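Below is one structure, written out as structure tokens; comments come after it.
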Amino acid sequence: MASYIARRLFYGLLLMVGVVVLNFLLIRLAPGDPAEVIAGEMGGATAEVLAAIRANYGLDKPLLTQLWIYITQIAQGDLGLSYFFDQPVSKLIGERIGATILLVLTAQFAAVFIGTTLGVLAARKPNGLLSGFVSVFATVGYAVPVFWTGIMLIILFASVIPIFPVEGMMDIRLRNADFLTKAVNVLYHLVLPAFTLAVIYLALYARLARASMLEVLGADYVRTARAKGASERSVLFRHALRNAALPILTVAGLQFGSLISGALLVETVFNWPGMGRLAFDSILRRDYPTLLGVLIIASACVVIANLLTDLSYRLADPRLKKEDEG
Amino acid sequence: MSEAAESPLLEAWRMFRRNWPAMAGLAILSVIILVTFYGAFLYQGDPYEIVWAPHEPPGVAPEFPLGTDYLGRDIVAGMLTGGAPTLAVGASAAVITMIIGILLGALAGFFGGWVDNLLMRVAEFFQVLPALIFAMVLVTLFSPSLTTIAFAIGVVSWPQTARLTRAEFLKIKQVEYVTAARAIGAGNLRIMWRVILPNALPPLIVSATLTVGVAILFEAGLSFLGLGDPNTMSWGLMIGANRDYILDAWWPVTFPGLAIFLTVFSVSLIGDGLNDAFNPKLRER
Amino acid sequence: MNRWTGIITGVAAAALLASGLAADEPKPGGSLIMASTQVPRHLNGAVQSGIATAVPSTQIFASPLRYDAEWNPQPYLAESWSVSDDGLTVTLNLVKDATFHDGTPVTSEDVAFSIMTTKENHPFKSMFAPVDSIETPDPHTAVIKLSQPHPALLLALSPALAPVLPKHVYGDGQDPKTHPANSAPVGSGPFKLVEFTPGEAVVLEKNPDFFIEGRPYLDEIIIRIIPDLSALLIAMENGEADLYPFMAESQAIRRLGEVDHLGVTEEGYAAVGPINWLAYNTKNEKLADPRVRQAIAYAVDRDFITKALHRGVSTTQRGPIVESSPFFNPDMPAYDVDLDKAKALMAEAGHGDGMELTVDYIPGPAEQQKNVAEYLKSQLKKIGIDVTVRAAPDFPTWAKRVSNHDFELTMDVVFNWGDPVIGVHRSYLSSNIVPGVIWSNTQSYNNPKVDELLNAAAVELDGDKRKALYDEFQMLVAQDLPIYWLNTLPYHTAYDKRLGNLPVSIWGTMSPMDEVYWKEAK
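Chains as they are written, first to last, in my numbering: chain A, 1 to 326; chain B, 1 to 285; chain C, 1 to 522.
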């Protein structure tokens, strides 16, 4: 197991280096001179100013040298300086990554929990009303553009039934309040964004749970359990669900990257102060170091999520564990 | 794989026809396609022209059944013009995805060994990148044209297709008729494209259909963020441009959103139907 | 009395800002949440122009002078000042007890250092260009020596343009444009920085040692950045924000005006003078002929823009100097819509069969920029001009195209900044055709007579003579038409009605808000 973890870790690291190299080259090779962008933000560019900026940001060195400097910097946890704010990118991301992770994880758990429950209930009567509803809802949830769901919810909750806040993460007046008050306020602000993001995936898990449940419910050991007189609830939740958990776990891990993409749109719509909005704003400002930083950190989140999925998968499935040890 | 059946496609079509949600999807999609490409003949209207007071609600002025936007432009005209780029980008992005995915997946599955290893690592690499942010970077760096958008979507979504193709190739590679083809001296290329691929097609067709849906959502998301082609009216662009005014006017964002939803919805109904039709055993799922 | 003579000869009244308006005694306490769609890069207004930086910068940094709502200079760090008869020497007498937020006293050294730093680093080059040197005979006297008379100098000593920086922080040899202190500034103004989260919020708290006794009234000011307008309006409506300055969107003005607990005012923008215009690239062969430019002017309907596109919240603007300024010349031609005349001019210029043009616009403030560009596409078709709207994905891209003269027509928003020398000359002087610099003379307009008039006006201390020079200048540019001026931006402030002493001076919220207070606790 330890060697497996080490292997996976090394491999994840390799992936990250790849991400860094690819993005760096892409952004540096693209048309447009970053020095002019910086100069433009400062209010004007003369040849001397441009030269000074290039020297300042190391843009005058050969590309490979720049790449090497960049990689060594990142290895030390330094993501460089934002062109726009002249502040460390790691600080800018640090201020926002918590918001994004909170949003993504809440949406993920809501989707898995509600989705699975719906799926399990639907599997009880494969041709029943709920089952039909789950299939339709699954397709609908998948087909609605997430930003549009968000906008519709804003229209609904801003004027028609104003019970949930539709923008921001916290009432800034509570800045100095105690932790509990702040936490409640944040959760209150989290409701709509998290729901919007969860809708897409909720359907996915409902569908998945229903399918694996149907498969498992037909299996011998479940029939045996039933024959032994186990209650319906016990069959559903203790025996069948445990076996349906693996595919759900796998998919949940795989969806992490797509969740981060979805979070970008949701953050933009609900003015949620996270990393996705930072990425979007950075594109508008041509703030490449910040953009690169977000891409790298977001990729790292996906790598970590995949790693954790892999590990829990191994822990959950005894067969794989033996295979590994054998 | 039912190679015994006389015409698997015909059989699949029979299955598909009996699946009413799938048929409904096909009908909806056909209507959407007809309207987007031929609607201009029935309904005259320039989506860029200011024709009325801004923010006229739908159903008030009979000339403008869906109302007007923030400039006083006709929303129906925008909806009719805005579908074509969305559909075109969706379809071409799906084609690009399929080409890259099938090519690399086939190579990996057929040759195995280090080729497989390498290609699957590359696929994993692209799956780690947050797709939307990466596509945004590509689009901003290389001009926001429809081609760039389709290409960007293709680049970020091929790994799934590649994995699927690889799995199919691994499976079919072992089957008797492949061994037989090899025995009579068929070359690798011939076996890959003429023998294995046709048999791997059903799941790939299903996947391609779903990719169209994903690509349409992707294009809509990019246009919504203002990263689409600004000179091409599209549904996503309409939502993005009217977003500042949602508190005053719900209709300019609602209708294009519904159109995107209906398109993707019908596409995925068709995808589900195809899936069921190709895999009768899985129908219960 | 003419207002500009007030600017030049004004000597301090004894009282600090006469606040006879407030019947109630202002109450201290409370926090004010300001909403903004604009993102400041940093908080140092000495090296960065623009609203986003100026609003927090003027709260943190004090300046030699400030202005009331009637264009009268008021004492601030300078308790009194005098201008020599030849206009070449300006003496500032500083208050004795002012300190920076870190406890260091504010001296004439700091003032001298700040003005020279601003002169070298601020994009408004004409602002302090005539300043030769600043002498500091004692810690509380600064003597500004000018190479030529400079009627705009006192206005340039305002909080928005001349923040007094601490020399002991900024004098360390680092480039002031990228100085780390720009994001963690130490000033001597009424509020000090607590927290700056770039792109999200600026948190300021009361400076208890502020040199004006008893001020500021507020305990804290928080500037919340909300890029999405709908979200911002919702925050204002449900009380999560109290003050929204620089509001120019018609729907926002109308919508917030209808909310019970909010008020909306146009006051507080006199010195900004924001003009929305259509600029021509006069070097472009299609636009080199003034008749083509005039034809476009005759085709464009300013009333349609202000009444229909802007729903009546903005006002038409006929010339380079805002119509509310005493320097505006009302005799300028208006170019009222006349499509026949426009077509005739096109034909005269040899373009009877039409032409193709592109129009750029600043991405962002859609109602003033993009929407007008889209209207031009629709309208100019009527005189045979096929317009392509060329969108830029972001501000830097637009600025790069326009500043490098890679455009045909472009929409633009340019501020007068109180005095023509600061905000108007830059767009018309042939000496200011500087590729790469945005808001220079990007039209490549070159008329020696205009240069002569502007250069004379820059050193003319007599208000009436100066006005005569500007009158002639305006008539000339109205003929040449390097720019077709459309409207002034309808800047408004939305405020919670429980707020007292609203920031309504000529600089509005780009001036210290030490007098603002809550009439009743929120």
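For glycine and all other residues, C-beta sits at the position ideal for the given N, C-alpha and C. Predicted model only: the values in this text are computed from it and were never measured.
With respect to chain A, the C-beta atom of C/P198 has a partner C-beta closer than 8 angstroms. Here the segment 169-180 of chain C does not lie against the segment 60-73 of chain C, with fewer than 3 beta-carbon pairs under 8 angstroms apart. Spatial neighbours of B/Y245 in its own chain (CB-CB distance under 6 angstroms, excluding positions within 5 residues in sequence) are listed in chain order as Y70. Close to chain C, meaning a Cβ-Cβ distance shorter than 8 angstroms, are the following residues of the segment 38-69 of chain B: Y48, E49, I50, A53 and P54. As the crow flies, the alpha-carbon of C/K382 is around 59 angstroms from that of B/L107. Taking C-beta atoms under 8 angstroms as the contact rule, C/L243 and C/T493 qualify, at a distance of about 7 angstroms. Rounded to whole angstroms, the Cβ separation of A/G119 and A/A209 is 3 angstroms, and the two are in contact under 8 angstroms.
If you check the CB distance, B/A200 and B/I172 come in under 8 angstroms.
Taking a C-beta distance under 8 angstroms as the contact criterion, A/G274 and A/T100 qualify as a contact pair. At a C-beta separation below 7 angstroms, A/G18 has these neighbours in chain B: F125. Look at C/S431 here: in three-state DSSP terms it is helix. Straight across, the Cα-Cα distance linking C/G352 with C/D340 is about 12 angstroms.
In terms of Cβ geometry, C/L77 and C/P64 form a close pair [threshold 8 angstroms].
Around C/E374, the beta-carbon contacts reaching into chain B at under 9 angstroms are Y48, I50, L71 and R73. Here the alpha carbon of C/F191 sits roughly 12 angstroms from the alpha carbon of C/I212. Per the Cβ contact rule, the segment 260-268 of chain A is not in contact with the segment 122-136 of chain A (fewer than 3 Cβ pairs under 8 angstroms). Under the three-state reduction of DSSP, C/K206 is assigned to strand. Residues of chain B with a Cβ closer than 8 angstroms to the Cβ of C/S230 are, in chain order, R243, D244, Y245, I246 and L247.
By the criterion of at least three beta-carbon pairs nearer than 8 angstroms, the segment 123-133 of chain A is not in contact with the segment 226-237 of chain B. For C/N371, the C-beta contacts it makes with chain B under 8 angstroms involve Y70 and L71, in order along the chain.
Listed along chain C are E200, each with a C-beta nearer than 7 angstroms to that of A/P273. A residue is called buried when at least 16 other Cβ atoms come within 10 angstroms of its Cβ; A/K125 does not meet this threshold and is exposed.
Residue pairing for C/K177: DSSP places it in no beta bridge. Exclusion of the five residues before and after C/L88 leaves L146 as the residues of its chain whose Cβ lies within less than 6 angstroms of its Cβ. If you check the CB distance, C/I223 and C/M510 do not come in under 8 angstroms. Using a Cβ distance threshold of 8 angstroms, C/L481 and C/A297 count as a contacting pair. Assignment of C/D331 by DSSP, reduced to helix, strand and coil, places it in the coil class. Cβ contact annotation for A/N306 (same chain, cutoff 8 angstroms, sequence separation greater than five): G12, G253, L254 and F256, in chain order. In the DSSP assignment, C/W485 forms a beta bridge with C/W277.
Here C/P105 carries a strand assignment [DSSP, helix/strand/coil]. Close CB contacts of C/L256 within its chain, under the 8 angstroms cut and outside five residues either way in sequence, are with L233, M236, E237, Y244, M247, L262, V264 and A494 (chain order). According to DSSP, C/T493 shares a beta bridge with C/T265. The beta carbon of C/D102 is closer than 7 angstroms to those of V186 in its chain, skipping five residues each way along the sequence.
Counting along the chain, the unbroken alpha helix (DSSP H) around C/W398 starts and ends at F395 to S403.
At least 8 angstroms separates the beta-carbon of B/A135 from that of B/P159. Along the segment 207-225 of chain C, going in chain order, the ones with a CB nearer than 7 angstroms to a CB of chain A are I222 and R224.
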